[in-house]
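As they're listed, the protein sequences go chains E, R, L and U. Residues in the first sequence are numbered from 9 upward in steps of one, following the numbering used here. Residues in the second sequence are numbered from 9 upward in steps of one, following the numbering used here. Residues in the third sequence are numbered from 9 upward in steps of one, following the numbering used here. Residues in the fourth sequence are numbered from 9 upward in steps of one, following the numbering used here.
Protein chains: 4
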Amino acid sequence: MAREVANRRLRAGIVGGGQGSFIGAVHRIAAELDGQAEVIAGAMSTNPERARASAASWYLQRSYDSYEEMARTEAQRTDGIDFAIVATPNHMHFPVVKAFLEQGIHVVCDKPMTFSLEEAQQLVSLVEEKQLVFALTHNYTGYPTVRHARDLVRQGALGEVRKVLVEYVQDWLLDALEKEGNKQASWRTDPTKSGIAGSVGDIGTHAENLLEFITGLKITSLCADLTTFVEGRALDDDANMLLRLENGGKGFLTCSQIAAGEENNLTLRVYGTKAGLEWHQQEPNTLIFKPHGQPQQILRTNQGYMSDESKALSRLPGGHPEGFYEAFANIYRLAIADIRRVESGEQTQGGYPTVYDGLRGLNFIVKAVESSQKGAVWVEL
Amino acid sequence: MAREVANRRLRAGIVGGGQGSFIGAVHRIAAELDGQAEVIAGAMSTNPERARASAASWYLQRSYDSYEEMARTEAQRTDGIDFAIVATPNHMHFPVVKAFLEQGIHVVCDKPMTFSLEEAQQLVSLVEEKQLVFALTHNYTGYPTVRHARDLVRQGALGEVRKVLVEYVQDWLLDALEKEGNKQASWRTDPTKSGIAGSVGDIGTHAENLLEFITGLKITSLCADLTTFVEGRALDDDANMLLRLENGGKGFLTCSQIAAGEENNLTLRVYGTKAGLEWHQQEPNTLIFKPHGQPQQILRTNQGYMSDESKALSRLPGGHPEGFYEAFANIYRLAIADIRRVESGEQTQGGYPTVYDGLRGLNFIVKAVESSQKGAVWVEL
Amino acid sequence: MAREVANRRLRAGIVGGGQGSFIGAVHRIAAELDGQAEVIAGAMSTNPERARASAASWYLQRSYDSYEEMARTEAQRTDGIDFAIVATPNHMHFPVVKAFLEQGIHVVCDKPMTFSLEEAQQLVSLVEEKQLVFALTHNYTGYPTVRHARDLVRQGALGEVRKVLVEYVQDWLLDALEKEGNKQASWRTDPTKSGIAGSVGDIGTHAENLLEFITGLKITSLCADLTTFVEGRALDDDANMLLRLENGGKGFLTCSQIAAGEENNLTLRVYGTKAGLEWHQQEPNTLIFKPHGQPQQILRTNQGYMSDESKALSRLPGGHPEGFYEAFANIYRLAIADIRRVESGEQTQGGYPTVYDGLRGLNFIVKAVESSQKGAVWVEL
Amino acid sequence: MAREVANRRLRAGIVGGGQGSFIGAVHRIAAELDGQAEVIAGAMSTNPERARASAASWYLQRSYDSYEEMARTEAQRTDGIDFAIVATPNHMHFPVVKAFLEQGIHVVCDKPMTFSLEEAQQLVSLVEEKQLVFALTHNYTGYPTVRHARDLVRQGALGEVRKVLVEYVQDWLLDALEKEGNKQASWRTDPTKSGIAGSVGDIGTHAENLLEFITGLKITSLCADLTTFVEGRALDDDANMLLRLENGGKGFLTCSQIAAGEENNLTLRVYGTKAGLEWHQQEPNTLIFKPHGQPQQILRTNQGYMSDESKALSRLPGGHPEGFYEAFANIYRLAIADIRRVESGEQTQGGYPTVYDGLRGLNFIVKAVESSQKGAVWVEL
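Structure, rendered in structure tokens:
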């Protein structure tokens, strides 16, 4: 039964993201930024007290002690939520997503999509069956400059892609924060909550997704050297990988959470037969285009020369910096538009990362770990 | 009569900012970003049809055809707005602000504060009398790096300030857009709507405000050379000024809307007896600190070493870029906190630009224009 | 009588530049870099012992106790020097240059050209009379990127120039080094050796020269505010100036030797009706070109798209950084080529700063000081 | 028999580097920059006419038709050369170096040191036997910032090194220049002149050398994926490698000559347990130091806080850019000082790349090619 969604903001409910979480507030802000949705319900923690306190601090209309109850109850209310936001640790993604989809509620979910590859495969089937919107917050694809980069590749401005260098380096796990009571560090480095990979799952998948998003090329094989540098840590905190792409291109991916002095340095460089491009997440309003034999060009968010898709995802005149929230909000903007379409009986149009991207991400994790465990040898994806 | 404001988002109403406006959406997003307020009413255009269409596109609960009606009506509702947002062209600031303050409604207002110096002076009296929150959106002071810059000066890290260079250069009025039907260009270059200054009022005041905010020093005299480069334009589109500061420091301010190839380049450099600092609005998460004889330091938003005030106005871990909206939202965050305090009978704490900053801005405009008209001679502020 | 200069390096003699001098070695390296000249004689200090020790450390063939003796003797030797390098403090420029020119010896001289405007005027007459090469080392004009910037303006890529911002800020005189025995600081801040200006003469003239070189426009009036910030110093160590250009353009020039944390930051920005450009001496292989409405372009030394003149003054493939010495050496390259031409009875071709640039520099100094002394008022140049 | 070298510039002779060569002039300028040596003889081409024309254009005193003749003749002259500069294609390095060493003449030689690993091993023996100075122009180690980077690692400022990322990417062989008569491209891509590797030999060895120079750590194994992207080319023009270091550190090296839009982008990043550092050859006067939890620092050439070794290899005050020639000249400065020492019967002090670095370079080439040919598998160095 389709809901009436015209003339109102959509209603969202969040699972996870309670006090102490960084990503919870990101989802709320991103979901609400365009004034097209409002978070009104939540099951924000498995700890009931924290769940209620978190909901109160957000002035939510309804707080639940469990996501199951929330899914059931909201599905039956006439003013129930239109979509669920899943912001829990990785091991809970699958059951939570499943609960809402099965109640006919659309879902926006954090990445990596699931705890295991098997769950990811099941989720693909479920989404295909339910015909509901499922958006995965590979948020870096939401930057207008990233969209323009993809457009440059698509329109042939780079020629044939030959070489790709992608890095995502941080230092937030340089020290053993997980032993000092840091909540996020604890679950991120815990194989029972994060899955089989640490840095590769948390940030390596962003790098992999961004590479494939911009180049439109699949990684076909990789040779990965994962390392756990911090003593006593159960998962990798650093990885270097050689990549081969479906078109014969070659590449390199590195991710690290022990790269001293780095904040959140996600950088992508692509080189083709005609030109290169370079993008730095920390200065996301700039895209460097490097035509062979010509001056490098500094492309900037929302300038007239940017592609239509890129401009459509920009909100401010050039020179007024847009950042992390706005890129994240673009995933929501696109997903919300599709939710409105589904509820209005229209065709979806996509544009946001999907369950298939999530599946590729899990496959990437599994193969990277496999490669490394076998001695950093080549494996096919 | 104080309103009950606990346990709910504040309610806001906006005047101006309708379709075709860039700043309207900025106010909505900034006001709502922290989940502490919601825009629910509006008198978004003097054109009733556009007013209603604008309100509908934002899903507002109540749309008014005039700000007077909105002020009167909302003041009497038990669920009326807690504060008004004034996003009209400059000539309407004063009457609109006055209308709401006189109804006991707090106000957040665009800059320059008023059309004329006389209005600014009247507004100071009115705000002093009413004891309501009045916040002026000199939004660039909302950047965490700008706050930290001020803290560095305050704690003496620069020593005595000797030299200040501030620039705000754009190129959006390089061509005579006002003759091509550009709505914003039209009123910005129209003396009956903008006041006696063009670029000096629109962006020069931001530069002046930022300089005084960060250094804590007043400009005591200036020598200004204003120019109208685009033929047929009624107001200045470029200005260069020499400055003298109250402590004997010297400086320079330039603003331009015809600086070809520039987006929104607001840059401040301050040099003291011990160190210098540099900040660029277009890369706002970075503050460069330049101690004499030591390596320059790259200070970044929300890192542990930033000042408490700076960190309190940051929302994301370092390396996750915050931008224009978030800085703007910080003005709202501080103003909303004060509105809650006033309504709860507590002392205000400020932290946002006030009616006195607005008065200084108008005085700066008047003196810059006077200096230039007399042949670019020195005038006292 | 023309010398035979084919098939050999030219022979140069240096006055000044002895031990403790920074600029002496710069002249030697720059003069010899292309293998077209060799410094073989010198009167490197007024202190005879230091003169001899300096000459010995350079393996010079001949050391003189005075420049007069050097000029006389070298002029009579069949293997005498072809040109003299003048690297003394400012007050000695005129007598030394005069001595060599009168002996028929070409001259390359440091800037500012002379101690006073009167000397500069006399030097113009002398050079015109003697028909010898006189090159002034406004070395920043030697950068290939600066040449290309001039070419961009000349070919109309910027349209009509409207606004010019030029800065030259350092901090090497932040402390009173002249009281601590620093040789260079001592004469730089001594009016009997430097002339009537400090920072304006030392670096302000570079800024003025660069501005006029690149834009091809004369400064017609200025309003200058000079300051001596360091107590007890006899000359200005900081200046801010408003400028007006012959074509109606406006501008700003600042120079400072007390700008804490700055090294040698000479920056020029020019804005025209079509595009802007930006150049930073500290990263001299990059020129930023900013066409209105198009992406900014990063132009780099010796790339194929650079102008012929720019490439002719580049020595290395793009990406192999050229710096201060190489730019300085370009002044020598051009001057040496003209010396060869004069000695071979050919027409000179110029390309290096001349006695007329030197005269403009002195005039600029005189007018800046006059403006400031009268209270920072406008004066005509 | 020791030569008398006091009180004069050393005399050098060059082999190769004739007209059409880029590196010949680099050697001359670098050798002569400090005024401590002069190139006076040459066998600049195997083509006798070009050899003579090249020598004449440099005003050399003596031109030879063959290096053998030059070695024999110069060794017997009382005013013969003190050292030879070897600037030929790779396949000639060994015989030329051997000829001069056997005549008792010191050598400065281009890299890679020899054509094959066997030659490299023989050269080590020969240099050990002859007790002459042999310097290899791994010129990037000559940058003062690179020296300071090494000092930071040595003094423990980074803690234990964990991760190293080194890149050297260009685009000068993006097109098949070797088919268009480009002299340098021809021999660089010709296995009979370059050896078994293309990009890996030409620039990969620079990256390898720089990594080991700065970190002081040996690469113990690598997994290399070499590619020839340009059709018909006989050698690799691109490579990606995983690295493992002797202390357990991991790393990555990429080199490419088909990276569209890149000039000469050699970049090194090192991450330790306490801090990281970053250096870009294209802006070589800056070294970025990244202490964990503290602001990044911008270290600049010749500032007071730089290490003594770094400052000793700087020539200009901070802010006066030094570049490629000056770094190259530092290799010569150190080698020339050692030549003076040897000739004066003193102990050598080194500081420049040696025959052992050359051997490591050849070994690196051999192992990278072997790894790649076996399918990009791990091999021990």
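For every residue, glycine included, the Cβ atom is placed at its ideal position computed from N, Cα and C. Predicted model, so just to flag it, every value in this text is computed and none were measured.
Whether residue i touches residue j by CB criterion (9 Å)
{"i": "isoleucine 227(E)", "j": "leucine 253(E)", "result": "yes"}
{"i": "leucine 18(R)", "j": "isoleucine 339(R)", "result": "no"}
{"i": "glycine 327(E)", "j": "leucine 166(E)", "result": "no"}
{"i": "serine 62(R)", "j": "serine 53(R)", "result": "yes"}
{"i": "glycine 116(L)", "j": "histidine 214(L)", "result": "A small fix is needed here, since residue 116(L) is valine in this sequence, not glycine. Not in contact: valine 116(L) and histidine 214(L) (Cβ atoms no closer than 9 Å)."}
{"i": "valine 208(E)", "j": "alanine 267(E)", "result": "no"}
{"i": "alanine 33(U)", "j": "glycine 25(U)", "result": "yes"}
{"i": "alanine 45(R)", "j": "isoleucine 296(R)", "result": "no"}
{"i": "asparagine 248(R)", "j": "phenylalanine 142(L)", "result": "no"}
{"i": "leucine 389(E)", "j": "serine 229(E)", "result": "yes"}
{"i": "valine 172(L)", "j": "lysine 258(L)", "result": "yes"}
{"i": "leucine 140(R)", "j": "histidine 114(R)", "result": "yes"}
{"i": "tyrosine 333(R)", "j": "glutamate 271(E)", "result": "no"}
Spatial distance of residue i from residue j (CA atoms)
{"i": "arginine 158(R)", "j": "aspartate 365(U)", "result": "51 Å"}
{"i": "tyrosine 72(L)", "j": "proline 103(U)", "result": "47 Å"}
{"i": "proline 329(L)", "j": "leucine 307(L)", "result": "13 Å"}
{"i": "arginine 349(R)", "j": "threonine 356(R)", "result": "6 Å"}
{"i": "aspartate 244(R)", "j": "phenylalanine 237(R)", "result": "8 Å"}
{"i": "leucine 125(L)", "j": "valine 374(L)", "result": "7 Å"}
{"i": "glycine 21(U)", "j": "alanine 232(L)", "result": "56 Å"}
{"i": "leucine 218(E)", "j": "glycine 301(U)", "result": "28 Å"}
{"i": "glutamate 291(U)", "j": "threonine 294(L)", "result": "10 Å"}
{"i": "glycine 383(R)", "j": "glutamine 265(L)", "result": "30 Å"}
{"i": "phenylalanine 221(E)", "j": "threonine 262(R)", "result": "42 Å"}
{"i": "leucine 131(E)", "j": "alanine 14(E)", "result": "29 Å"}
{"i": "serine 108(U)", "j": "valine 47(L)", "result": "Note that residue 108(U) is phenylalanine in the sequence shown, not serine. The straight-line gap from Cα to Cα measures roughly 30 Å."}
{"i": "valine 94(R)", "j": "leucine 324(R)", "result": "29 Å"}
Counted within 10 angstroms of its Cβ, other Cβ atoms place residue i as buried (16 or more) or exposed
{"i": "alanine 64(U)", "result": "exposed"}
{"i": "threonine 86(E)", "result": "exposed"}
{"i": "glutamate 168(L)", "result": "exposed"}
{"i": "serine 379(E)", "result": "buried"}
{"i": "proline 120(U)", "result": "buried"}
{"i": "proline 56(U)", "result": "exposed"}
Three-state class that DSSP yields for residue i in the structure shown
{"i": "asparagine 248(E)", "result": "strand"}
{"i": "tryptophan 195(U)", "result": "helix"}
{"i": "arginine 70(E)", "result": "strand"}
{"i": "arginine 241(E)", "result": "coil"}
{"i": "methionine 9(U)", "result": "For methionine 9(U), the predicted structure reports a pLDDT of 47, less than 50, and the residue's modelled location is therefore unreliable. A value from the coordinates is still provided. Methionine 9(U) falls in the coil class under three-state DSSP."}
From the options, residue whose alpha carbon lies closest to that of residue i
{"i": "threonine 275(R)", "options": "Ser29(R), Ala267(R), Trp287(R) and Gln163(R)", "result": "Trp287(R)"}
{"i": "phenylalanine 336(U)", "options": "Asp118(U), Val47(U), Phe260(U) and Val13(U)", "result": "Asp118(U)"}
{"i": "leucine 68(R)", "options": "Glu82(R), Ala49(R), Ala79(R) and Gln84(R)", "result": "Ala49(R)"}
{"i": "valine 105(L)", "options": "Glu127(L), Ala320(L) and Gly88(L)", "result": "Glu127(L)"}
{"i": "alanine 202(E)", "options": "Phe123(E), Leu234(E) and Glu136(E)", "result": "The identity of residue 202(E) in the sequence shown is serine, whereas the question assumes alanine. Residue Phe123(E) is the option with its Cα nearest to serine 202(E)."}
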